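**Student:** Please find one structure pasted underneath; my questions will follow.
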Amino acid sequence: MKIVIDSNIYIAAFATRGLCAELFEYCLKNSKIFSCTEILFEVQKKLLSKIKLPKYIVTETIHFIEKQTTASTPKNLLPDLC
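When you line the sequence shown up against my numbering, it's residues 630 to 711, in that order.
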């Protein structure tokens, strides 16, 4: 199965242990996950500003997501989306 995980799921998965972390782990094992720079930027921004994780942990988290997902470029998006 091919999926895209929303930035909020990534944020919750890495900020706390719970349903979102379990969902992410399940997807890693059973699906092909796609991401885009906009999603990764949003995850980085929120982990730094809202969750207040140290920058080095956020950098490691983004690198991990990049390694585990396939980069994709969204097409035909409205300017305010993603």
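Don't be surprised by glycine CBs; every beta carbon is placed ideally from N, CA and C.
Since we're looking at a predicted model, the values are computed, not measured.
Buried or exposed: which applies to residue 700, given that a residue is buried once 16 or more other Cβ atoms fall within 10 Å of its Cβ?
**Tutor:** Looking up residue 700 in the sequence shown gives position 71. Looking at its Cβ environment, which holds fewer than 16 other Cβ atoms inside 10 Å, residue 700 is exposed.
**Student:** In terms of residues, what are the limits of the alpha helix (DSSP H) holding residue 636?
**Tutor:** Residue mapping note: residue 636 aligns to position 7 of the sequence shown, counting from 1. Taken as a continuous stretch (DSSP letters only), the alpha helix (DSSP H) holding residue 636 covers 636-644.
**Student:** Could you pull the DSSP bridge partners for residue 633 from this structure?
**Tutor:** What you label residue 633 is simply residue 4 of the sequence shown in a count that begins at 1. Answer is 663, bridged to residue 633.
**Student:** Along the chain, where does the alpha helix (DSSP H) that runs through residue 690 open and close?
**Tutor:** Translated into positions along the sequence shown, residue 690 becomes position 61. 684-697 is the extent of the alpha helix (DSSP H) around residue 690.
**Student:** Report back the beta-carbon spacing between residue 643 and residue 690 to the nearest angstrom; my notes put them in contact at under 8 Å.
**Tutor:** Stepping through the sequence shown from its first residue, residue 643 is reached at position 14. Stepping through the sequence shown from its first residue, residue 690 is reached at position 61. Confirmed, about 5 Å.
**Student:** Report yes if the C-beta distance between residue 664 and residue 698 is below 7 Å; otherwise report no.
**Tutor:** To locate residue 664, count along the sequence shown from 1; it is residue 35. To locate residue 698, count along the sequence shown from 1; it is residue 69. Yes, Cβ-Cβ distance for residue 664 and residue 698 is below 7 Å.
**Student:** Straight-line CA distance for residue 639 to residue 705?
**Tutor:** Here residue 639 refers to the residue found at position 10 when the sequence shown is read from its first residue. Here residue 705 refers to the residue found at position 76 when the sequence shown is read from its first residue. Between residue 639 and residue 705, the C-alpha separation is close to 24 Å.
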